[in-house]
Structures are given as structure tokens and as C-alpha cells.
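Just below is one structure, and these are the notes that go with it.
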Amino acid sequence: MADQRFTLNEVMDGLDGSDFEDDSEDDFDGYLDMDGYDELREEWDEEQQTVGANVEIGAEGDMDLDGSDSVPEYNLQAGCSTSVEGENPHQYFSLLFSDEMLEHIVAQTNLSAQQFIESHELRPHSRVRRWSKEVHDTNELRRFLAIILIMGLVRYPQIEHHWATQWPYSNTHFSKVS
Numbered sequence: 206m207a208d209q210r211f212t213l214n215e216v217m218d219g220l221d222g223s224d225f226e227d228d229s230e231d232d233f234d235g236y237l238d239m240d241g242y243d244e245l246r247e248e249w250d251e252e253q254q255t256v257g258a259n260v261e262i263g264a265e266g267d268m269d270l271d272g273s274d275s276v277p278e279y280n281l282q283a284g285c286s287t288s289v290e291g292e293n294p295h296q297y298f299s300l301l302f303s304d305e306m307l308e309h310i311v312a313q314t315n316l317s318a319q320q321f322i323e324s325h326e327l328r329p330h331s332r333v334r335r336w337s338k339e340v341h342d343t344n345e346l347r348r349f350l351a352i353i354l355i356m357g358l359v360r361y362p363q364i365e366h367h368w369a370t371q372w373p374y375s376n377t378h379f380s381k382v383s
């Protein structure tokens, strides 16, 4: 089978629509019509009557946590419990994404890429062959996440408009991320 190549616009147009527009719900038989479903459900219900030491599920599915019907009082402070000096966006970002978390994401991404390369037969000019473990670090991940955050704030009709270089969608901020 010959390779079929698409332009970015063709891919984006394909993602805009639903793959199931012509499907009718009348054609769906449903999973409830499976043979033996009722018996499996009864067995599951019997097994799930006691979930834990202090939690029991009644016949109607209501949970009794400690034998009383009262709801425990919530006495914790609502809101953010961490303070950040100043209003530097980088400090807020660091609250969500610690250095350890970013290092873990980079390590797992690099491991996944290496496993992919080792387990697949790549074409001679595949761009995956240009992948280099040394290039991908926490700084690159921070830049990638920054671009994604900016893309969430700046609305364009099509995703490719974020990379446009001509009016009306030109945005030099994306190309300046380094």
C-alpha cells in the first residue's frame, strides 16, 4: 500500500469534524444485551456489599461509613494554602510543576522514545532518527509547556494559526520561545 501524505490543513480539517456523524444510535445494540450480563451483575453486587471495614453498601446502594447517618463536619481552611511572594508567573508555575516532577517527565519521555526507536524498524529518513537524548531536558519541557499554556490563552480559529507568520494571525511570541 502506498503512503498517503496529508497537508497540515487537511489533517486539521479532518480533526474538526466527528468521525461518527453518519452513525445512527438506532444501530447500537448496546452492551446490556450480552448473554449472561444479568448473572454477572448479580455476582458483582453480592461481592460488593462490603467494601471495607467501616463501609457497607445497602440494598439501594447508599453507603454507611460509620453506622451513623450524619455527615462529618469539614473544618479545613478553603483556598490556596501556599503563599508565593510577589506575582511572578514563574513562581506559580513552579508550584504546579516542581523540578523533580519535570525531571521525572523528561526521564520517562526519553525512556519511551528510546524504547520506541529500539522496537521499530525506522525508514532511512525518518525524523525519529534525528532524536537525541541529550537535547531533551527540563528547560525544553518548560518551554513546551509554556507554549501550550499560551496557546490556551490566545484563541485562533485553527490551531495552525498559532504558527502563522502573516497578518492577521501572526504572533511572534511562539517563535521567540527559546
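Each residue of the sequence shown is one higher than the one before, counting from 206 in this note's numbering.
Beta carbons are placed, not taken as given, at the ideal position from N, Cα and C, and that holds for glycine.
All of these numbers come straight from a predicted model, not from anything done at the bench.
(request) Using beta-carbon positions only, say whether F379 and W368 come within less than 8 angstroms of one another. (result) yes
(message) I need the DSSP call for F302, collapsed to helix, strand or coil.
(response) coil
(request) Measure the C-alpha to C-alpha separation of I322 and T314 and round it to an integer number of angstroms. (result) 12 angstroms
(request) Give me the Cα-Cα distance between E298 and H325, rounded to the nearest whole angstrom. (result) First, the residue type needs correcting, since residue 298 is Phe and not Glu in the sequence shown. Cα-Cα distance, rounded: 36 angstroms.
(message) Just verifying my parser: in three-state terms, what is the DSSP assignment at E326?
(response) coil
(request) Can you tell me which of L300, Q282 and L281 puts its alpha carbon nearest to the alpha carbon of V289? (result) L300
(message) Rounded to the nearest angstrom, what separates T343 and H309 at their Cα positions?
(response) 9 angstroms
(request) Output the distance between the C-alpha atoms of P329 and R348, rounded to the nearest integer angstrom. (result) 30 angstroms
(message) Could you check whether V311 and A351 sit closer than 8 angstroms to each other, using their CB atoms as the reference points?
(response) no
(request) Please report the residue range of the alpha helix (DSSP H) in which E345 lies. (result) T343 to L358
(message) What residue range does the alpha helix (DSSP H) around S380 cover?
(response) T377 to K381
(request) Give the single residue among Q296, L316 and I353 whose Cα lies nearest to the Cα of R336. (result) The identity of residue 336 in the sequence shown is Trp, whereas the question assumes Arg. Comparing Cα-Cα distances from W336 to each of Q296, L316 and I353, the minimum goes to L316.
(message) Beta-carbon within less than 7 angstroms of D356's beta-carbon, same chain only, minus the 5 sequence neighbours each way: which residues are those?
(response) The sequence shown places Met at residue 356, not Asp. So the qualifying residues of the chain are H367.
(message) Can you check which of these residues, L346, I353 and S375, is closest to L307 by C-alpha distance?
(response) L346
(message) Beta-carbon within less than 8 angstroms of T287's beta-carbon, same chain only, minus the 5 sequence neighbours each way: which residues are those?
(response) L300
(request) With DSSP collapsed to three states, give me the class of N214. (result) helix
(request) Report whether the distance from the Cβ of L316 to the nearest heavy atom of the ligand NAP is below 7 angstroms. (result) Looking for the ligand NAP in the displayed structure turns up nothing, as the structure carries no ligands at all.
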